[in-house]
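Colleague: 25 is the number of the first residue of the sequence shown in our numbering; add one for each residue after it. Quick one: the structure is below, and I'll ask about it shortly.
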Amino acid sequence: MDKNKPLIGYKVLELANILAGPSIGMFLSELGAEVIKVENKLTEGDITRQWKLPSEPPESSVSAYFCCANWGKSSFFLDLNDPNDYLQIQNWAKEVDIVISNFKLQAATRLKIDYDSLKLLNPRLIFAQLTAFGEEDQRLGFDVVLQAETGYMHMTGFPEGPPAKLPVALIDLLAAHQLKEGILCALLQRERTGEGAYVHTSLFEAGVSTLANQATNWLMAGHIPQRKGTQHPNIAPYGDVFRTKDHAAIVLAVGTDKQFQQLLEILEIPPDPRFSTNTLRVSHRDVLIESLQQRLSNWEAEDLLPCLHLNGVPAGKIRNMKEVFELPKAQSMILEEERAEGIQSRCVRTVAFELR
């Protein structure tokens, strides 16, 4: 067996659209599972098929957005109110291992594609349900709404500017990761007990679960995180952006005193008692950043970054998407697929680990 395809032989029924649910289906597909994607015939399929950039062909049946989460699947356009199409769902439910659904629970119950209905056909079924705010809350929730409701937008942006959203649907992807983990745990449990399971997460819970230090800054210190641009509230210089002599933008992530001392030696900056500890560096961040910028502006990025890396100082160049995919490691993560529509799809792997 291919260790990187551990789910060969498993079957998945995807009753989900947009990003969170489909990205789970794509993840399972990349691991070898057969994924059957059901799309709404009455709306011409997954809504993201229509989310096209102005530069994309308007006549195409897919968009780049759709392709980012639907690699390796077989799509079927069905009307679940049609008895024949519903019968097809029942037949698939009898033989698949996993169902992924982001249907509203009331609609799923009405259409008889909820867990209670389908587990009667297949007791070993693992049913993965995604909601926006939880099982008892029927509010709709697109990613930006959840970025607002879970605190991310309040923290994102610059102090003088308005709240900002993250440029990817992060909450969707966080929820997808939670549900993936739940599915894999349920598969392990089924191997031991022979029983199926219901796995649920919400976008809200996934977002809150990933607030990490920003949450504990409030819970333990009563600190409400504010917009700080790219800066870190607890560490300096960390996230601060500098310009080099050749106008490249670089970011430093100095997390320890040792790393900071290495940075001072590289830049030939004499010790300053105001910067002797991280707490002091955070308190005197403005002066620190000014001092570092003066020295960094004497370096070319192609000389500076290797020197920093060689001496154990974390730093990176701020790259646009073209520059990212010029890197060999990023190129190795591209998936290509010839779609039935004759369109060459290119997207990024969602599986970023290897099994050896």
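Yeah, the Cβ is synthetic: ideal placement off N, Cα and C, and Gly gets one too.
How is the beta strand (DSSP E) around residue 124 delimited, first residue to last?
Modeller: 122 to 125
Colleague: In chain order, what residues of the same chain have a beta carbon less than 6 angstroms from the beta carbon of residue 155, not counting five sequence neighbours either side?
Modeller: 226
Colleague: Distance, Cα to Cα, residue 344 vs residue 190?
Modeller: 15 angstroms
Colleague: What do you reckon, are the CB atoms on residue 35 and residue 58 nearer than 7 angstroms?
Modeller: Cβ distance < 7 angstroms, so residue 35 and residue 58 count as in contact.
Colleague: Evaluate residue 94 with the Cβ neighbour count: other Cβ atoms within 10 Å of its Cβ, from every protein chain shown; 16 or more gives buried, anything less gives exposed.
Modeller: buried
Colleague: Determine the DSSP secondary structure at residue 114, reduced to helix, strand or coil.
Modeller: For residue 114, the secondary structure class from DSSP, reduced to helix, strand or coil, is helix.
Colleague: Only counting the same chain, and skipping five residues up and downstream in sequence, which positions put a Cβ closer than 7 angstroms to that of residue 211?
Modeller: 150
Colleague: In angstroms, rounded to a whole number, what distance separates the CA positions of residue 97 and residue 281?
Modeller: 49 angstroms
Colleague: Any idea which residues DSSP pairs residue 64 with across the strands?
Modeller: When beta bridges are read from the DSSP output, residue 64 appears opposite 102.
Colleague: Hey, how far is the Cα of residue 255 from the Cα of residue 261?
Modeller: 8 angstroms
Colleague: In the region 119 to 180, which residue ranges form an unbroken beta strand (DSSP E) of at least 3 residues, counting only runs that do not cross its ends?
Modeller: 122 to 125 and 150 to 155
Colleague: Taking the alpha-carbon positions, what's the residue 332 to residue 372 distance?
Modeller: 29 angstroms
Colleague: Would you tell me roughly how many angstroms separate the C-alpha atoms of residue 356 and residue 370, rounded to the nearest one?
Modeller: 12 angstroms
Colleague: Express the C-alpha separation of residue 33 and residue 101 in angstroms, rounding to a whole number.
Modeller: 24 angstroms
Colleague: Hey, residue 152 and residue 207: beta-carbon distance below 7 angstroms or not?
Modeller: yes
Colleague: Taking residue 194 as part of the alpha helix (DSSP H), name the residues at either end of that continuous run.
Modeller: 194 to 217
Colleague: Can you tell me which of the three DSSP states residue 333 falls into?
Modeller: Note: residue 333 maps to helix in three-state DSSP.
Colleague: Based on Cα-Cα distance, which residue from 231, 224 and 303 lies nearest to residue 257?
Modeller: 303
Colleague: Do residue 73 and residue 181 come within 7 angstroms of each other at the CB atom, strictly closer than that value?
Modeller: no
Colleague: Could you pull the start and end residues of the beta strand (DSSP E) that residue 413 belongs to?
Modeller: Any answer about residue 413 is impossible in this case: the structure gives the chain only from 25 up to 380.
Colleague: Going straight from the alpha carbon of residue 192 to that of residue 245, what length do you get?
Modeller: Residue 192 and residue 245 have their C-alpha atoms roughly 30 angstroms apart.
Colleague: Quick check on DSSP: helix, strand or coil for residue 221?
Modeller: Residue 221: strand per DSSP, three-state reduction.
Colleague: Cα separation between residue 340 and residue 287?
Modeller: 14 angstroms
Colleague: Please state if the CB of residue 65 and the CB of residue 121 are separated by a distance shorter than 7 angstroms.
Modeller: no
Colleague: Considering only C-alpha positions, which residue in the set 247, 201 and 217 is nearest to residue 231?
Modeller: Of 247, 201 and 217, the smallest CA-CA separation from residue 231 is found for 201.
Colleague: Buried or exposed: residue 342, going by 16 or more other Cβ atoms within 10 Å of its Cβ?
Modeller: exposed
Colleague: In this structure, does DSSP put residue 274 in helix, strand or coil?
Modeller: strand
Colleague: By alpha-carbon positions, which one of 375, 165, 297 and 290 ends up nearest to residue 312?
Modeller: 297
Colleague: Helix, strand or coil, according to DSSP, for residue 362 in the structure here?
Modeller: Under the three-state reduction of DSSP output, residue 362 falls in the strand class.
Colleague: Buried or exposed for residue 362, going by 16 or more other Cβ atoms inside 10 Å?
Modeller: exposed
Colleague: Which partner residues does residue 36 have in the DSSP bridge list?
Modeller: Partner residues in the beta bridge of residue 36, as assigned by DSSP, are 59 and 122.
Colleague: Would you list the one or two residues that DSSP bridges to residue 27?
Modeller: Bridge partners of residue 27: none, in fact.
Colleague: Alpha carbon to alpha carbon, what distance is there between residue 170 and residue 365?
Modeller: 34 angstroms
Colleague: List, from N- to C-terminal side, the alpha helix (DSSP H) runs of 4 residues or more that fit wholly inside the region 275 to 353.
Modeller: Look at the region 275 to 353 and you find these whole runs of alpha helix (DSSP H), each 4 residues long or longer: 281 to 291, 302 to 307, 309 to 320, 325 to 334 and 345 to 348.
Colleague: How far does the beta strand (DSSP E) with residue 91 in it reach, from first residue to last?
Modeller: Residue 91 -> not in any beta strand (DSSP E); alpha helix (DSSP H) instead, spanning 88 to 91.
Colleague: Going by alpha carbons, who is nearest to residue 125 out of 90, 214, 199 and 188?
Modeller: 199
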